[in-house]
Each structure stands twice: as C-alpha cells, then as structure tokens.
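Residue numbers (full-length UniProt numbering), protein chains in the order written: chain A, 1 to 419; chain B, 1 to 419. Even for Gly, the Cβ is constructed at its ideal location relative to N, Cα and C. Structure record follows, encoded as structure tokens.
Number of protein chains: 2
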Amino acid sequence: MAEESQKWVLMVTAQTPTNIAVIKYWGKRDETLILPVNDSISVTLDPEHLCTTTTVSVSPAFDQDRMWLNGKEISLSGGRFQSCLREIRSRATDVHDKEKGIKITKKDWEKLNVHIASYNNFPTAAGLASSAAGFACLVFALAKLMNANEDHSQLSAIARRGSGSACRSLYGGFVKWIMGKDEKGTDSLAVQLADEKHWDELVIVIAVVSSQQKETSSTTGMRDTVETSLLLQHRAKEVVPKRILKMEEAIKNRDFASFAQLACTDSNQFHAVCLDTCPPIFYMNDTSHRIISLVEKWNRAAGTPQVAYTFDAGPNAVLIARNRETAALLVQKLLFCFPPKSDADLNSFVLGDKSILKDAGVESLEAIESLPAPPEIKDPSQRHRGDVSYFICTRPGRGPVVLSDESQFLLNPETGLPK
Amino acid sequence: MAEESQKWVLMVTAQTPTNIAVIKYWGKRDETLILPVNDSISVTLDPEHLCTTTTVSVSPAFDQDRMWLNGKEISLSGGRFQSCLREIRSRATDVHDKEKGIKITKKDWEKLNVHIASYNNFPTAAGLASSAAGFACLVFALAKLMNANEDHSQLSAIARRGSGSACRSLYGGFVKWIMGKDEKGTDSLAVQLADEKHWDELVIVIAVVSSQQKETSSTTGMRDTVETSLLLQHRAKEVVPKRILKMEEAIKNRDFASFAQLACTDSNQFHAVCLDTCPPIFYMNDTSHRIISLVEKWNRAAGTPQVAYTFDAGPNAVLIARNRETAALLVQKLLFCFPPKSDADLNSFVLGDKSILKDAGVESLEAIESLPAPPEIKDPSQRHRGDVSYFICTRPGRGPVVLSDESQFLLNPETGLPK
C-alpha cells in the first residue's frame with residue numbers, strides 16, 4: 001500500500017444507462033443469486049437523458065464502506081450490495097497510480113474501505129429502472145477502481161446479483177440477458193445483440209404517469225407471481241423462448257413490425273401474469289390503458305405498427321416510434337390527450353431531446369391547446385389534463401463509460417465525502 | 001288450428017334470473033354452436049332484484065315473428081334468435097287451451113308467428129349479463145307456450161345457442177355448465193349443483209361502476225382471445241378442470257374460504273387472458289382495482305376470506321359476502337370509499353335488498369358522510385365520490401318461473417302488441 005501517506009484518496013466516476021425490457025424478465029428461479037425463469041431482451045436508453053452517475057473511492061482513511069444515493073446516506077448492509085462488493089473485491093488486482101504515487105496490491109483491497117456516491121438524473125423508484133442503472137454503475141465503477149479485469153459480460157453477472165435487470169445495463173444498444181443453466185449462476189449474464197448505431201432511427205418517448213412510489217415492489221411482486229400464478233411457468237417455458245428468437249431476428253433485420261408486435265404482446269403478457277398473481281398485482285392504471293388504446297388504434301389504422309409500447313412494474317408508458325417523423329406525430333397525439341396542468345411550463349413537461357417538440361410544431365403551451373384531436377380519440381372533448389406528469393424524449397444509447405471530468409465527480413477528491 | 005276464430009292470442013309470461021360466473025366462461029371452441037373451451041360454474045342471482053321478464057304470444061293474426069326489448073322493437077333476424085326459435089319450434093307439441101277453445105297441433109307451430117316482449121329490471125349491456133337472462137327467458141317462455149316437454153337441462157342447451165352463459169340461467173342456486181364433448185353440442189348444457197336454499201347465508205353486493213356501454217363485446221373479446229392469447233389454452237386445459245372440481249367441493253361443503261379463493265383467482269385469471277389478447281382487452285378500471293385491493297386487504301387482515309369478488313366483461317364488481325353481518329360491514333366500507341354524488345338520493349344509490357342498509361347503520365346520506373374510515377384504506381381523505389353509479393344488494397336466487405298475474409304480461413292479451 002502507499003507507504004508515504006495514509007491521506008490519499010483514489011476515485012473513479014462512471015456513468016451507466018438504464019434499460020427497458022422489450023421481452024420481459026419476471027420471476028426468479030433462485031432468489032439469492034437472482035437467476036431468472038426466462039431470457040429477456042432490452043433496449044439501452046440514451047444516458048444523456050436517463051442515467052446513473054456513480055463515484056467510487058478508496059482511502060486508507062475510510063473506516064467503513066459508506067454510500068450516498070442522491071445525496072442521502074443509505075445502508076450498504078443489504079445482501080445485494082454486499083454481494084456486489086464481495087464479488088468485485090475478490091476480482092481486484094494490483095493498482096499503481098504513478099501520478100499520485102499510490103500502489104495498492106491485490107491483497108490490500110480486502111482491508112480497504114470504499115465510499116460510494118450515486119446520482120440518478122431521473123426520479124428513483126418511479127418505475128424507470130433506477131436500480132438497474134444504479135447497480136450496473138456501482139459494479140462498473142468498482143471494477144475500474146479495483147482494476148478487476150473482467151469483460152462486460154462477466155461484470156453483468158455481478159451486477160445481476162444487485163438487481164436482475166442491472167446486468168442488461170452493461171451494454172449499449174440491444175441486449176440479451178441469457179438466463180443460463182448453471183446452478184451457481186455463472187452463465188446467467190448479458191450479451192450485446194447490436195450496438196446503439198445498428199438501429200438509430202428509433203425514437204423513444206416515456207410518459208411518466210405517476211411519480212408516486214409504486215405499490216408492489218418488483219422483488220415482492222415477482223416472488224408472489226412465482227408462488228401463485230398458474231400461468232407464469234407456461235409463459236416462461238413455452239412462450240418466451242420462441243419470442244426471444246423472433247425478437248433477435250427482428251432486431252437484426254430492423255424489422256419494426258415484428259419488433260413492435262413482440263414488444264407489445266410481451267408487455268401485455270407480463271401484466272397478465274401479474275394479474276394472475278394472488279393477491280393480483282396492478283401496475284398499469286386507466287392512463288396506461290388509454291395510452292395503449294391510442295397506440296393500438298393508430299397502428300391498426302396505419303396498417304402496420306408505427307409505435308411499440310411497453311410497461312414495466314409501474315404505470316409509465318415507454319413508447320418506441322419507428323422513426324423521428326412518427327415520433328413527432330406521437331408527441332402531438334400524446335400532448336393532445338394528456339396536456340399539462342395549467343400552471344406547468346413546457347420546459348419541465350417535456351424533458352430529454354426537446355428537438356422533437358419543434359418537429360411536432362409544439363413550441364409553447366398555447367400550441368398544445370390548439371393541437372388537432374387525433375382520429376384515434378372517441379371523445380375529443382375529454383382531455384386528461386395532468387394525468388401524465390411529464391414526458392421524456394430519448395433514443396437507444398450507449399453503455400457505461402468512465403467520466404474523466406472532475407467537475408462531474410460526486411465525491412470530494414480530497415476527503416472522499418460527498419461534495 | 002282453432003277453427004272458430006282467427007282472432008285468438010295465446011301467451012305465456014316468464015321470469016328468469018341472471019347469473020354470475022365464479023369459474024369463468026371465456027372462449028368458444030365452436031362459434032356457431034357456442035361451445036366453450038372449458039366448464040364454468042355460476043351463482044344465480046335473486047330475480048327479485050335482477051331478472052328478465054318475457055311475454056311470448058302466438059296468434060294466426062301475426063304475419064311475422066316480432067320482438068320488443070325494453071319497449072323498443074328489435075330485429076329477430078340474427079342467427080342467435082333464429083337458432084333458439086328454430087330449436088324450440090322443432091320440439092313444439094300439441095296445445096289445447098280448453099278455456100279459450102284453442103287447439104294447436106304440432107304441425108301448426110311451423111306456420112304460426114310469435115310476438116315477444118322482454119324487459120330487464122336492470123341496465124342492458126352494463127356488464128350485468130342481461131343477454132344471459134334474456135335468452136334463458138326467451139327459450140323458457142317459448143317452450144312453455146309451445147309445450148316443448150324438455151327438461152331444464154335440455155332447454156339450457158337451446159338457450160346456449162342464444163348466449164353461452166344463458167344456459168346457466170335455467171336453474172336457481174349454483175349451476176355448472178358442462179362444456180361437453182359432442183361436436184354438435186348436444187351435451188353442452190347446464191346442471192344444477194345445489195339449489196338456492198343450500199347456502200342461503202351468502203349476500204351479494206354489486207357495485208355498478210359504469211353504466212356506459214362496454215368497449216369490447218364479450219363475443220368479439222373472446223374470439224380475439226382464442227385467436228391470439230398464448231395463455232388461454234393452458235388455462236382451459238390445465239387450470240380450469242382442477243378448479244371446477246374444487247369449486248364443486250367448496251359449494252357442496254359451504255366452504256367459504258375455498259369458494260372465495262377460487263372465485264377471486266379465477267376472475268383475475270380471466271382478466272389476465274383478456275390482457276394477454278391482441279389487442280389487449282381491459283374490462284376492469286381503476287375503480288375495479290380499488291375494490292379488489294380493499295377486499296384483498298380485508299381478507300388478509302381477517303385471516304380468512306370475508307368477501308369474494310368477481311368481475312365479468314366490464315368494470316362492475318360482484319361481491320359475495322360470507323353472511324349478512326359481513327355484508328353490512330362490506331356496505332359500510334364501500335359507501336365510505338365510493339360515496340354518491342351530492343345530488344344523489346340514497347334510495348336510488350342502493351338498490352335491491354335495502355334492509356342491509358339498516359344493518360349497516362346507514363339510513364341517510366348524512367350517515368354515509370360520517371362513516372368511519374375502513375382500516376384497509378391508505379389515505380382516508382381520498383373518497384372516490386361518484387366512481388360507483390349505484391349498488392345492488394341481492395342474494396342467490398331461484399330459477400325461471402311462469403308468471404300468471406296478467407298485470408305482469410308485457411303484451412296486450414287481445415292484440416299481442418306491447419302494452
């Protein structure tokens with residue numbers, strides 16, 4: 001260990017995207033190792049709009065492992081954090097920072113404590129997979145700090161121990177989580193199907209329907225489903241394997257019609273097994289249903305899918321438009337149906353890639369009020385004002401990166417405490 | 001035929017109950033014959049509160065078959081009406097009304113036209129199985145008029161051709177629709193499991209959540225499910241047969257815990273396969289979900305089920321309380337959560353057996369306002385005023401009967417036209 005001083009602090013900051021499953025993960029075959037009952041496939045979302053930033057630091061001056069999430073200290077005693085920390089520590093190797101004159105040997109890592117600070121640029125627990133981005137970022141940043149020379153797939157298997165879907169956030173673009181066969185879970189990991197440039201016409205619009213904490217956590221929910229649903233095993237064994245193959249083909253061929261059909265039906269089937277759970281789990285609400293009806297009618301009228309929808313463990317809609325032109329139309333329709341409350345400002349109602357607003361011809365609140373009624377709507381006099389809290393416009397995005405700009409670090413480089 | 005006069009009119013008036021499935025019928029294996037993919041079990045509702053009354057009449061003066069529903073003439077040209085009329089006509093036998101001096105032979109029935117008037121004492125197409133009671137009553141009344149000496153099970157097979165669930169309205173109490181094996185459907189009929197006196201502590205409260213016409217008719221909905229759901233066949237073949245046996249046992253033993261558990265999970269699974277349909281079908285809405293959550297929390301807190309819930313192809317909740325005491329508590333909780341709009345009157349907000357209001361200590365609108373918050377409710381300040389249009393309190397009831405009181409006839413005995 002660096003002998004000349006006990007005051008040094010070494011740190012790494014990383015940024016990791018969130019992801020949205022288009023073939024869903026629901027149900028574990030092993031609760032501790034977080035091994036799923038089926039493969040799943042996701043799209044990584046552009047970290048410019050939705051990401052976790054995590055700074056991890058180490059110092060001989062730290063007397064215990066500590067973590068801050070969005071500025072607030074949280075406990076690291078949970079099994080999931082401990083699994084990730086233990087797995088990365090066991091893969092740590094020698095680190096030599098010549099500039100700072102710090103040497104840490106493989107053995108030292110067992111004795112050194114870490115400080116971790118993590119920040120989501122979107123609401124935690126709003127059903128936007130914050131734990132996926134969070135654990136992926138933690139594992140990725142720790143691996144860089146501790147010089148654990150594992151490839152992204154191997155890191156994904158560690159992130160999986162933190163939160164199942166976190167494994168899919170180790171890659172950009174289109175990602176498959178292979179369920180694996182090994183009892184110990186060594187082969188339950190993520191692989192990249194295609195990078196984010198492969199299909200870059202896609203535009204993603206997220207309707208954040210409610211920012212309340214969700215009623216049933218996905219951990220509890222999927223445990224209840226495994227224990228009580230009589231449909232889940234049929235889904236996992238008979239339905240999903242075929243869908244996975246079809247979805248891989250659809251992504252490979254940029255076949256939007258198949259992609260949309262598979263994504264929508266799989267989202268609906270996931271919510272169906274939630275409903276088949278005892279007690280039943282309702283993640284979607286009337287607003288979610290209205291968004292689905294709008295998209296279904298539009299797709300049917302167009303003759304071929306224009307937009308795919310998918311919903312995770314919450315009421316928020318993730319809408320994937322086939323291209324930018326369609327996305328502009330989608331935004332028009334959504335803003336007509338779900339205008340903001342009268343005291344809102346457009347800038348905080350549509351987040352992310354705001355340039356889509358320009359394409360949609362909506363550059364003011366007044367423009368929302370004078371939008372034409374979409375033909376999909378039965379009763380144009382009924383606009384559901386305030387039922388969507390805000391929209392986020394984004395696209396498929398890249399995987400984890402290390403940030404070198406010190407201004408983005410979340411811990412003070414001198415003290416290792418939150419800035 | 002009666003030779004002395006062409007002016008006679010012969011008529012029969014019958015009253016038939018509606019029914020609510022506790023193991024659901026969803027999906028046909030034959031669209032024309034209306035043969036289901038699984039057995040189902042229902043509870044017949046007391047016709048005092050929910051029933052169809054139908055007068056059928058015959059006269060040599062009628063120049064065509066005609067029908068009036070709720071006072072409005074409707075077409076009889078549909079295949080479903082024609083099937084029922086044809087099947088009963090083919091089973092008609094000689095009729096001799098000595099009092100009126102009318103003789104009709106078996107052969108005459110082929111040439112004679114009928115007039116039919118039908119009236120529901122509850123809203124049509126509000127998801128309260130009006131077509132079930134309607135077709136059962138049509139078939140039952142025609143069979144009486146035409147002296148078709150078939151037993152109720154054989155009549156049920158004819159009513160089934162009108163509307164599948166109609167076959168279960170030929171009996172009171174607890175009824176099973178056996179799916180049958182015959183390609184022609186001769187063995188797809190209803191049998192009575194127990195009469196309405198077998199388990200007469202049960203109290204049924206219906207929350208009519210919306211009286212709007214439903215979005216997806218059950219005919220279209222179940223066709224879409226059969227064609228697109230990958231879970232329906234598993235439900236029909238693997239899940240339902242076992243549940244049917246358990247439900248028969250539960251009814252036989254008046255085992256409310258099993259009855260409730262089976263009814264609730266089967267209702268949820270039916271809505272799950274609806275959601276697994278392309279495009280997905282949503283019959284329940286946020287109010288339905290709130291009612292389920294209330295009941296689930298209550299049942300869990302009590303340690304054993306107090307109330308069962310079941311939902312048909314619409315948002316209305318049918319709640320079955322284990323006894324009258326529980327029903328009074330249920331009514332208190334429901335009225336707290338879903339009070340009427342301020343301009344309502346109690347008399348039209350709670351229909352049916354109003355004596356439960358007395359047991360619940362709610363005999364005025366003011367009493368609703370001062371009800372205590374149920375412990376199941378998270379936020380007692382949020383009362384969902386107006387989300388339930390009205391409640392109907394009822395119980396298991398009897399099967400079809402012939403009405404002899406001429407004041408209840410819907411057709412004029414002289415002219416055979418609506419009164």
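Item, Value
"Whole-angstrom distance between residue 63 of chain A and residue 118 of chain A, CA atom to CA atom", "20 Å"
"DSSP state of residue 93 of chain B mapped onto helix, strand, coil", "coil"
"Listed by chain order, chain A residues near residue 286 of chain B by CB distance under 7 Å", "285 and 286"
"Boundaries of the alpha helix (DSSP H) in which residue 274 of chain B is found, first to last residue", "256-275"
"Alpha-carbon spacing of residue 157 of chain B relative to residue 184 of chain B, whole angstroms", "11 Å"
"Proximal residues of chain A, C-beta to C-beta of residue 292 of chain B below 7 Å", "280"
"Pairwise C-alpha distance: residue 162 of chain B and residue 78 of chain B", "10 Å"
"Completely contained beta strand (DSSP E) runs for the region 88-163 of chain B, where each covers 3 or more residues", "95-97, 102-104 and 113-120"
"Endpoints, beta strand (DSSP E) assigned at residue 26 of chain A", "Element bounds for residue 26 of chain A: n/a, residue is neither H nor E."
"Neighbourhood of residue 361 of chain B by C-beta distance below 7 Å, restricted to the same chain and skipping five residues each side", "367"
"Buried versus exposed, by CB contacts within 10 Å (16 or more), residue 387 of chain B", "buried"
"Beta-carbon proximity list for residue 91 of chain A, same chain, < 7 Å, skipping 5 on both sides", "148 and 150"
"Residues from the region 240-269 of chain B in contact with chain A, defined by Cβ distance under 7 Å", "265, 268 and 269"
"Local Cβ density within 10 Å of residue 413 of chain B, reported as buried at 16 or more and exposed below that", "exposed"
"Spatial distance of residue 113 of chain B from residue 60 of chain B (CA atoms)", "7 Å"
"Reduced DSSP category for residue 79 of chain A - H, G, I as helix; E, B as strand; rest coil", "helix"
"Anticipated Cβ contact below 8 Å, residue 203 of chain A with residue 38 of chain A, distance rounded", "Their Cβ separation, rounded to whole angstroms, is 28 Å, which puts residue 203 of chain A and residue 38 of chain A out of contact at 8 Å."
"Residue 213 of chain A at chain B interface by Cβ criterion, 8 Å", "Low confidence applies to residue 213 of chain A: its pLDDT is 49, below 50, so where it sits in the model is not reliable, and the reading given next is rough at best. Closer than 8 Å: no."
"Local Cβ density within 10 Å of residue 105 of chain A, reported as buried at 16 or more and exposed below that", "exposed"
"Nearest-angstrom Cβ-Cβ length linking residue 152 of chain B and residue 170 of chain B, presumed shorter than 8 Å", "5 Å"
"Cβ neighbours of residue 135 of chain A in the same chain (closer than 6 Å, five flanking residues each side left out)", "159, 162, 163 and 166"
"Alpha-carbon to alpha-carbon, residue 349 of chain B and residue 70 of chain B", "22 Å"
"Proximal residues to residue 335 of chain B (C-beta, below 7 Å), its chain only, five neighbours per side dropped", "362, 368 and 371"
"Pairwise C-alpha distance: residue 281 of chain B and residue 289 of chain B", "15 Å"
"Contact check, residue 199 of chain A vs residue 254 of chain A, beta carbons under 8 Å", "yes"
"Buried versus exposed call for residue 36 of chain B [16 or more other C-beta atoms within 10 Å across all chains shown]", "buried"
"Nearest-angstrom beta carbon gap, residue 273 of chain A and residue 310 of chain A [assumed within contact, 8 Å]", "Not really, about 15 Å apart at Cβ, beyond 8 Å."
"When A/284, A/294 and A/279 are compared against residue 279 of chain B, the one with the closest alpha-carbon", "A/294"
"Range covered by the beta strand (DSSP E) that runs through residue 59 of chain B", "51-59"
"DSSP-derived helix/strand/coil call for residue 172 of chain B", "coil"
"Short-range partners of chain B found in the region 316-338 of chain A, where Cβ spacing is below 8 Å", "none"
"is_contact[residue 384 of chain B, chain A] using C-beta, thresh 8 Å", "no"
"Any chain B beta carbon closer than 8 Å to residue 296 of chain A", "yes"
"Range covered by the alpha helix (DSSP H) that runs through residue 344 of chain B", "Run containing residue 344 of chain B: none; DSSP gives neither H nor E here."
"For residue 18 of chain A and residue 53 of chain A, believed in contact at Cβ under 8 Å, the rounded distance", "About 12 Å; that fails the 8 Å criterion."
"Residue from A/265, A/108 and A/121 with nearest C-alpha to residue 228 of chain B", "A/265"
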